[in-house]
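In numbering that gives the first Met the number 0, the protein residues as written are 0 to 204.
Backbone N, C-alpha and C define an ideal beta-carbon position, used for all residues, glycine too.
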Amino acid sequence: MFEQIKLDYGFDALEPYIDTETMSTHYGKHHATYTSNLNSLAEKAGKQDESIEDILSEVVELKDIELRTGLRNNAGGFYNHNLYFKQITPGGSKTPSGVLQTRINDTFGSFDNMKEKLTALALGQFGSGWAWLSKTPDGTLFTSKTDNQDNPISLHTGHTPIMCIDVWEHAYYLKYKNLRAEHIKALWNVINWDVVGALYEGSSL
Ligand code: MN
């Protein structure tokens, strides 16, 4: 049985950057629905005992088109939001440190350059989707964007996501309306870089 990541903070903990109602709806409705759909579809596909990573990478092989699409979307929705809600834990470092900081500087020149690059990808995503900071097998960093609930695992990039930006309207519309750029700007204030750094160094979600 797949379970949503537990929040050890209140829905109001990220105010004013992410408002209470958005947090409550996003976690309590959207993420909860992806999770319950994943559980029933994984069972239907006989995959209820597999890891979420295995489901994501193998879903493309399912012959039943409806089941394949449903599982791809809901397994993605489950995994993506577990990462999303884990990385916005209040507190922790507001900037990367240690190995991750070094990698960011090596890859992008500076933390600010990385933020600019990821912001541009998130803004450039047409319609619903995500922007990603991922770790490649050789430890370098990679930025990308995906449609809908796809992610670097379901797209077989070989990369491990360590940070993400949700650009579905449900992530920001209640407070920011059509101003996706304002939401992304605010989101940078609540990323917990201790969590992202631990994911970079191999801790699991
Ligand atoms: Mn979302």
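| Check | Outcome |
| --- | --- |
| Sequence-distant residues of the same chain with beta carbon closer than 6 Å to H158, five excluded per side | S133, T135, F141, P151 |
| At least 3 beta-carbon pairs within less than 8 Å: the segment 81 to 97 vs the segment 177 to 193 | yes |
| 8 Å Cβ shell around G138 - same chain, five flanking residues per side excluded | R102 |
| Pair within 9 Å by beta-carbon distance, E200 and L99 | yes |
| Under 9 Å between C-beta atoms of S127 and A74 | no |
| beta-carbon N73 near the ligand MN non-hydrogen atom, thresh 8 Å | no |
| Of the listed residues I51, K43, D48, E52, nearest to K62 (C-alpha basis) | K43 |
| C-alpha distance - L178 paired with A130, whole-angstrom precision | 16 Å |
| Beta-carbon gap between I4 and N79 smaller than 9 Å | no |
| S35 versus L122: straight-line alpha-carbon distance, rounded | 30 Å |
| Best match in S96, H25, F1 for proximity to S50 [C-alpha to C-alpha] | F1 |
| Endpoints, alpha helix (DSSP H) assigned at A130 | Note, A130: premise wrong, no alpha helix (DSSP H); beta strand (DSSP E) at 128 to 134. |
| C-alpha distance - D18 paired with P160, whole-angstrom precision | 25 Å |
| Neighbouring residues (CB closer than 5 Å to any heavy atom of the ligand MN) | D165, W167, A170 |
| Cβ-Cβ distance between E181 and Y172 below 9 Å | no |
| Cβ shell of K124 (< 6 Å), same chain only, five flanking positions each side left out | Position check: residue 124 holds Gln in this sequence, whereas Lys was assumed. Hits under 6 Å: K144, V166. |
| Top-ranked residue by Cα proximity to H29, from G69, H169, P15 | H169 |
| Member of L55, L70, I164 whose CA lies at the smallest distance from the CA of K114 | I164 |
| Beta-ladder partner(s) of K144, from DSSP | A130 |
| Cβ separation of L37 and F84, assumed to be a contact under 8 Å, to the nearest whole Å | Not really, about 15 Å apart at Cβ, beyond 8 Å. |
| Whole-angstrom distance between L204 and G69, CA atom to CA atom | 23 Å |
| I183 to V58 span [Cα, whole Å] | 30 Å |
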